[in-house]
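Below is one structure, written out as structure tokens, with a few remarks after it.
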Amino acid sequence: MKPVWMALPIMAALLAGGLRAQDTAPSFPAGEGQAAVQTACAACHPPAIVAGKRYDADKWAEVVDQMIGKGAKVSDADYDVIVAYLAKNYGVGK
């Protein structure tokens with residue numbers, strides 16, 4: 005029974021380290037639309053994937069349309085907010 009008890013502190017330390025790493029993971033920039041993008045996009049894409057793209061609003065609209073076609077849940081009310089947020093934060097020249 006002793007080996008199990010001796011392993012518990014090691015397992016706890018490993019788990020705590022993993023939680024700290026998640027806290028420092030990059031997130032979407034603050035601003036209007038962040039919550040909608042987090043909900044609609046982050047279910048499948050980490051922020052780093054989105055951050056690597058630089059598109060104008062028309063291209064972001066195409067991308068959002070493609071993602072909706074693949075199952076992304078975007079309400080009509082959030083559609084324009086998401087496209088504007090992506091173009092502002094991940095637009096051409098950013």
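In this note's numbering, the protein residues as written are 5 to 98.
Where a beta carbon is used, it is the ideal one built from N, C-alpha and C, also for glycine.
Model, not experiment: these values are computed from the prediction.
Check: Exposure label - I86; buried when at least 16 CB within 10 Å; Outcome: buried
Check: Stretch-stretch touch, CB-based, cutoff 8 angstroms, three pairs: the segment 57-64 with the segment 36-47; Outcome: no
Check: Per-residue DSSP class, three states only, for A46; Outcome: coil
Check: Three-state secondary structure (DSSP) of D60; Outcome: coil
Check: Other residues of its chain near N93: CB distance less than 8 angstroms, five sequence neighbours each side excluded; Outcome: F32, P33, G35
Check: Distance, V68 Cα to G75 Cα; Outcome: 11 angstroms
Check: Outcome for A105 when other beta-carbon atoms lying within 10 angstroms are tallied against a minimum of 16; Outcome: The structure shown does not extend to residue 105, since the chain is modelled only from 5 to 98, so the question has no answer here.
Check: Reduced DSSP category for G73 - H, G, I as helix; E, B as strand; rest coil; Outcome: helix
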